[in-house]
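Enquirer:
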Amino acid sequence: MPAHSRDVIEKFFGLCDWLLQVWQMQKFLFDENPNESVLREPRYAHFFYRLQVVLQEHWLHQLAKLHDPAVQGGANGHINLSLDYIIEYGQWDAQTEAKLKDLKSRMSSLAKPVRDARNKVLSHNDLAVLLTSKELGAFDPGEDEQYFIRLREFASLVTESALGEPFVYDDLVENDVSSFMHAFLRGADANPAAHKRGQTTVLRGNHHLR
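Each residue of the sequence shown is one higher than the one before, counting from 2 in the working numbering.
Here it is as structure tokens:
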């Protein structure tokens, strides 16, 4: 029987669920939005630029925290509710532990560059990086999709092994974005003479993490 309590597992699932929701907001509102060009029109561009930066930075930061070590700071340190903690302190049977470690290892290809971005510009303001506008956290197209498939597999294995229950997460984000865009486009069509501002470049300068 795994050692983690229901409270610990549910807290961990909450972290995974929220990360999935924020990433999906970025995905469906910007990356895969068939009407994304409307959001770039001069009268809307500044607003959606800010929103995209906030979403991007937030999901990258939340992902990086999941890959923190189980314990930091030595004997008097603190415990992190992370993938490592779930694996190392779960007292899993050998087969389950091996599967969890394999999934974590396969997630590391995205986690490594994201953690670099977290350490330099998300949790800190690294002067050298800011002055050079160096890009951090870059990853290949589709790598985030693979990461979240594995994260769901990891969470499902944990909950099924520990609680005998499936991992249920909020999968309504796409519908929420669709409803928003429907209302937004209807309003945009009704106000073609709205005040215009200059066009901006999305994820520019020091915010260009991807």
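Here a beta-carbon is modelled for each residue, glycine too, at the ideal position from N, C-alpha and C.
Which whole-angstrom value describes the C-beta separation of glutamine 92 and asparagine 81, a residue pair presumed to lie in contact below a C-beta threshold of 8 angstroms?
Expert: Their Cβ separation, rounded to whole angstroms, is 18 angstroms, which puts glutamine 92 and asparagine 81 out of contact at 8 angstroms.
Enquirer: So, at 6 angstroms on beta carbons, what are the nonlocal neighbours of valine 203 in its own chain, with the 5 sequence-adjacent residues on each side left out?
Expert: With a pLDDT of 35 at valine 203, under the threshold of 50, the predicted position of this residue should be treated as unreliable, though the coordinate-derived value follows. So the list reads Tyr50, Gln53, once near-sequence residues are dropped.
Enquirer: In chain order, what residues of the same chain lie with their CB nearer than 6 angstroms to the CB of alanine 112, ignoring the 5 residues before and after it?
Expert: Excluding positions up to five away in sequence, the list reads His68.
Enquirer: Please list, in chain order, all residues of the same chain as arginine 127 whose beta carbon is under 7 angstroms from its beta carbon, the five residues on each side excluded.
Expert: In the sequence as displayed, the identity of residue 127 is aspartate instead of arginine. Lys121, listed in sequence order.
Enquirer: Over what stretch of residues does the alpha helix (DSSP H) that includes tryptophan 60 continue unbroken?
Expert: Tryptophan 60 -> alpha helix (DSSP H) spans 43 to 67.
Enquirer: Apply the 10 Å Cβ neighbour rule to aspartate 145 and answer buried if 16 or more other Cβ atoms are within range, or exposed otherwise.
Expert: The residue in question, aspartate 145, is buried, as its Cβ has 16 or more Cβ neighbours within 10 Å.
Enquirer: Within the same chain, show all residues whose beta-carbon is closer than 7 angstroms to that of aspartate 171, passing over the 5 residues directly before and after it, in chain order.
Expert: Hits under 7 angstroms: Asp18, Gln22.
Enquirer: From leucine 40 to alanine 46, what distance separates their C-alpha atoms?
Expert: Going from the Cα of leucine 40 to the Cα of alanine 46 covers about 6 angstroms.
Enquirer: Does at least one heavy atom of the ligand ADP sit under 7 angstroms from the Cβ of leucine 128?
Expert: With respect to the ligand ADP, the structure offers nothing, as it holds no ligand at all.
Enquirer: Provide the residue span of the alpha helix (DSSP H) that contains alanine 112, from first to last.
Expert: Here the alpha helix (DSSP H) through alanine 112 covers 95 to 118.
Enquirer: Out of Gly188, Ser124, His183, Asp177, state which residue places its alpha-carbon closest to the alpha-carbon of lysine 28.
Expert: Ranking the options by Cα distance to lysine 28, first place goes to Asp177.
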